[in-house]
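Peer 1: As given, the protein sequences belong to chains A and B, one line each in that order.
First residue of the first sequence? That's 1 in the numbering used here, and the numbers climb one at a time after it.
First residue of the second sequence? That's 333 in the numbering used here, and the numbers climb one at a time after it.
One structure coming up, written as structure tokens, with questions to follow.
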Amino acid sequence: MSAIENPVVVSAREAAPPRPLWQVIVIRPETMTLVLLILALFGASLLSPYFLDFGYILRSFTLSAEFAMVALVLTMVIIAGEIDLSPAANMALSACLFAFAQQAGIPMPIAIGIGLVAGLVMGAINAIMVIRLQIPSIIVTIGTLTLYRGIAQVIAGDKSIRVPEWFIGVNNVLMAGIPVPVIIFLVMSIVLGLVLGTTIFGRQIYQIGTNEVAARHAGIRSQRIKMGLFLLMGLVSAAAGILTASRLGSVRYDLGLGGELQMVLMAMLGGTYIFGGRGTILGTFLAAWLLVIVSTGMTVANVLPAVQLVVLGVLLVVSIIATNAIYSRTQR
Amino acid sequence: MLKKTLLAGLALGMAMATTVAIAQEPVKIVYIGKNTGNPYFDSITGGFEDACKSLGCEFEFVAPATAEATSQIPFIEAQIQRGVNVIAIAPNSPDALNQVLDSAKAKGILVLTVNGDLVGNESHRDATILPVDFTKTGPNQVELMGSMIGYKGDIAILSATTEAPDQNTWIAAMNDTLKNDPKYKDMNLVATVYGDDQPEKSTTEMEALLSNYPNLVGVIAPTTVGIAAAAQVVQSRGIADKVHVTGLGLPSEMRDFVKDGTVSAFQLWSPYNEGWLAAHFAVGVLGGTIKNEVGSTFEVPNLGTITIADKNAMNTQAELTTFDAKNIDEFNF
């Protein structure tokens, strides 16, 4: 409207030089994550002579790989303007149901199916409350976080449920020298990165997160897309829970306790904007490695846990400040 | 042919050189505690340190920030990577550590559980060092509680985390003793609550017990954090004549409560001796002087003859030590 009334402004805008290409490429939150990652690698190598061992770093990554997988999907949920804090509890409940089923004599493939379906149902419950009942997702998922964990405790009690010997140790299976959970994470990163970065569906997720009302007016079925994201969240959480069961060899209700914080941390460190509309899979991918390398580097150097917490806290604050600064700088 | 012999000789020489080098390197021992900020482990660590001073081994203590089931796994991985010879650990879970402990054993590391065992998963460690025969801990505690309340009334248990393996073993034994021994038929266990070994949560749970069960006459807290929190609550409310607190505590933390009459008696063992024994055992096994077999015996300075019992378990003392106003000043851990 104003553009028509005031053509001078339009021409002035058209005359504004575009940002140089190098700035577009370099000044991004992911660049900061990458720089921190490289610094962390150097720092950890200086801190302990035992750190720089590819096999060891990969083995350490398997301990967080399940969370990292979920963090990738969480990144998409946050970009769409929502949040899900229930995935770690979902992991526990899905894994408990899976373990309970296979212990009751149900064949393994069906037991896995039960776990995955349970995860989908949990995702659907979140989605229905967020989309149909219009309750803010942070409230909904804080509620279901407690609920799912509680049901897991009711099912498993204080006992642990064993899985059969042959099912244990997916993290010890190597393909081309890389543990299977890391490979799954790599493949998921590539696929989700392509979906988010190159498809119309991906663009729609960004648009919903930037301005949902505008997106809906533009004909984007935002509710359907959000529903899909919460369902994917549930499914991936359940798969992550079952992978954790294989790694630990037993399932307890406290599986993955506190994992939601690590997942959010990965997304934030990777430059995902907590209010939606911005962020990339690449950022979360790099941040997952950054977190593992920082904590592994300190643990192998016998750094006190209190100091480790301080370092992680500083890292998060620095990255959030940097992310905000970069986004406000590139804001038109 | 000559070349081969030469090569073989060279290889042999190098092999011998490395063997000598290994033999000269001090044994590296690490002890992984349940969590940091737990004074109980300072005492065990002290035993390790003093033993290593006299035996010439290297010792380090590490622990995660929280006592969750899986929080020790990265620490075990890190110690494997550091190439330690002995991993001693107070496990936070009876089974979540199985896989990573197996990979430590596969690397030739001697895996010991100290001050807690992998109940039901004993094959995943080489030996265990426990302060006393843990099957006696539950009955001993029930007897002490009974003697304080005249073997009559409602009692409760304030434990650590819901899955702490030692505490759960003792609580099971306490339940068993209360149910099956006619001596305790008038003692009624009304609740078992968990303070997660955190002072604040333990205090809250203790307060809740007092308001939920007005007839409560005794609380057994078989954990050092729990008993201190329970005693604190009883002291600040001034109800020591009504609610009797006992359990397992550290003399250093409980001294004031015993002196002012809040707690008349509590029990424990010497955590220091566990570290002392574990270090002597580890160095002996790696040096070939001790055979890690059920039934074999060895001498440890200050502790006398130690026998390796069933499931490769060793105890530093036979019965729990009871601390009261008379003897508490003799202990400073």
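Backbone N, C-alpha and C define an ideal beta-carbon position, used for all residues, glycine too.
Quick caveat: nothing in here was measured; it's all calculated off a predicted structure.
Keeping to the same chain, check which residues put their C-beta closer than 7 Å to that of residue 439/B; ignore five residues upstream and five downstream.
Peer 2: These residues qualify, in order along the chain: 412.
Peer 1: Can you give the Cα-Cα distance for residue 376/B and residue 447/B, rounded to whole angstroms?
Peer 2: If you take the alpha carbons of residue 376/B and residue 447/B, they lie about 9 Å apart.
Peer 1: Tell me the rounded alpha-carbon separation between residue 103/A and residue 175/A.
Peer 2: Rounded to the nearest angstrom, the two C-alpha atoms are 29 Å apart.
Peer 1: Can you list, in chain order, the residues of its chain with a C-beta nearer than 8 Å to that of residue 487/B? Leave out the 5 residues immediately preceding and following it.
Peer 2: Excluding sequence neighbours, residue 487/B sits near 477, 481, 519, 520, 521, 522, 548, 549, 550, 551, 552.
Peer 1: Mapping the DSSP letters down to three states, classify residue 630/B as helix, strand or coil.
Peer 2: Correct three-state label for residue 630/B: strand.
Peer 1: To the nearest angstrom, how far is the alpha carbon of residue 195/A from that of residue 57/A?
Peer 2: Spanning the two alpha carbons is a distance of roughly 28 Å.
Peer 1: Return the chain-ordered ranges of every alpha helix (DSSP H) run that is complete within the region 385-424 of chain B and spans a minimum of 4 residues.
Peer 2: For the region 385-424 of chain B, whole alpha helix (DSSP H) runs of length 4 or above, ordered along the chain, are 405-414.
Peer 1: Buried or exposed for residue 79/A, going by 16 or more other Cβ atoms inside 10 Å?
Peer 2: Buried, because 16 or more other Cβ atoms sit within 10 Å of the Cβ of residue 79/A.
Peer 1: Can you look up residue 655/B in the DSSP assignment and give me helix, strand or coil?
Peer 2: DSSP places residue 655/B in strand when its eight states are reduced to three.
Peer 1: Return the residue from the list 260/A, 126/A, 139/A that minimises the CA-CA distance to residue 240/A.
Peer 2: Among 260/A, 126/A, 139/A, the Cα nearest to that of residue 240/A is on 260/A.
Peer 1: Quick check on this structure: which residue in 642/B, 633/B, 657/B, 454/B has the alpha carbon closest to the alpha carbon of residue 383/B?
Peer 2: Measuring from the Cα of residue 383/B, the nearest candidate turns out to be 633/B.
Peer 1: For residue 436/B, I'd like the list of residues in its chain whose CB is within less than 8 Å of its CB, leaving aside the five on either flank, ordered along the chain.
Peer 2: Excluding residues within five positions, the ones whose Cβ falls inside 8 Å are 408, 411, 412, 419, 443.
Peer 1: Using the beta-carbon count (16 or more within 10 Å), is residue 528/B buried or exposed?
Peer 2: Classification for residue 528/B: buried.
Peer 1: Can you find a CB in chain A that lies within less than 8 Å of the CB of residue 427/B?
Peer 2: At least one chain A Cβ lies under 8 Å of residue 427/B.
Peer 1: When we look at the beta-carbon of residue 695/B and count the other beta-carbons within 10 Å, is it buried (16 or more) or exposed?
Peer 2: Residue 695/B lies beyond the stretch modelled for chain B, which goes from 333 to 665, so this question has no answer here.
Peer 1: Against chain A, which members of the region 402-418 of chain B pass a CB distance test of less than 8 Å?
Peer 2: So the close ones are 402, 405, 406, 407, 409, 410, 413, 414, 415.
Peer 1: Return no unless some Cβ of chain B is closer than 8 Å to the Cβ of residue 155/A.
Peer 2: Closer than 8 Å: no.
Peer 1: Going along chain A in order, which residues have a C-beta closer than 8 Å to the C-beta of residue 397/B?
Peer 2: Chain A residues near residue 397/B: 305, 306, 308, 309.
Peer 1: Using DSSP with H/G/I as helix, E/B as strand and the rest coil, what is residue 360/B?
Peer 2: Strand at residue 360/B.
Peer 1: Any idea what DSSP makes of residue 595/B, helix, strand or coil?
Peer 2: Coil.
Peer 1: Suppose you measure from the CA of residue 27/A to the CA of residue 363/B; what does that come to, to the nearest Å?
Peer 2: Looking at the two C-alpha atoms, the distance is approximately 46 Å.
Peer 1: Within 10 angstroms of the Cβ of residue 226/A, are there 16 or more other Cβ atoms? Answer buried if so, exposed if not.
Peer 2: Buried: at least 16 other Cβ atoms inside 10 Å.
Peer 1: Check whether the Cβ atoms of residue 254/A and residue 92/A sit closer than 8 Å, and answer yes or no.
Peer 2: Yes; because the gap between Cβ atoms is below 8 Å, this pair is in contact.
Peer 1: Does residue 56/A come out as helix, strand or coil in the three-state DSSP assignment?
Peer 2: Helix.
Peer 1: Given a cut-off of 8 Å, decide if residue 73/A and residue 233/A are closer than it, judged by their beta-carbon atoms.
Peer 2: Result yes, Cβ atoms of residue 233/A and residue 73/A sit closer than 8 Å.
Peer 1: Is residue 430/B close to chain A, meaning its C-beta is less than 8 Å from at least one C-beta of that chain?
Peer 2: Yes, residue 430/B counts as interfacial toward chain A.
Peer 1: In the DSSP assignment, what residue or residues form a beta bridge with residue 446/B?
Peer 2: Answer is 461/B, bridged to residue 446/B.
Peer 1: Counting pairs of Cβ atoms below 8 Å between the region 561-578 of chain B and the region 497-509 of chain B, do you hit three or more?
Peer 2: No: the two stretches stay apart, fewer than three of their Cβ pairs being nearer than 8 Å.
Peer 1: Within a Cβ cutoff of 7 Å, which residues of the same chain sit near residue 561/B, ignoring the five residues on either side of it in sequence?
Peer 2: Counting only Cβ-Cβ distances below 7 Å, and skipping sequence neighbours, we find 527, 531, 534, 535, 538.
Peer 1: Taking the alpha-carbon positions, what's the residue 296/A to residue 309/A distance?
Peer 2: Taking the straight line joining both Cα atoms gives about 13 Å.
Peer 1: What number of angstroms, rounded off, separates the C-alpha of residue 317/A from the C-alpha of residue 61/A?
Peer 2: Cα-Cα distance, rounded: 23 Å.
Peer 1: Is the separation between the beta-carbon of residue 463/B and that of residue 603/B shorter than 8 Å?
Peer 2: Closer than 8 Å, so yes.
Peer 1: Rounded to whole angstroms, what's the CA-CA distance from residue 586/B to residue 206/A? Just pull it up for me.
Peer 2: The alpha-carbon atoms of residue 586/B and residue 206/A are separated by roughly 59 Å.
Peer 1: Counting along the chain, where does the beta strand (DSSP E) carrying residue 553/B start and finish?
Peer 2: Segment 548-553, the beta strand (DSSP E) holding residue 553/B.
Peer 1: Would you list, in chain order, the members of the region 357-369 of chain B that have their beta-carbon closer than 9 Å to a beta-carbon of chain A?
Peer 2: Per Cβ criterion, the list reads 362, 367, 368, 369.
Peer 1: Verify the CB distance criterion: does residue 296/A have a CB-CB separation below 8 Å to chain E?
Peer 2: Of the chains in the structure shown, none is chain E; the protein chains are A and B.
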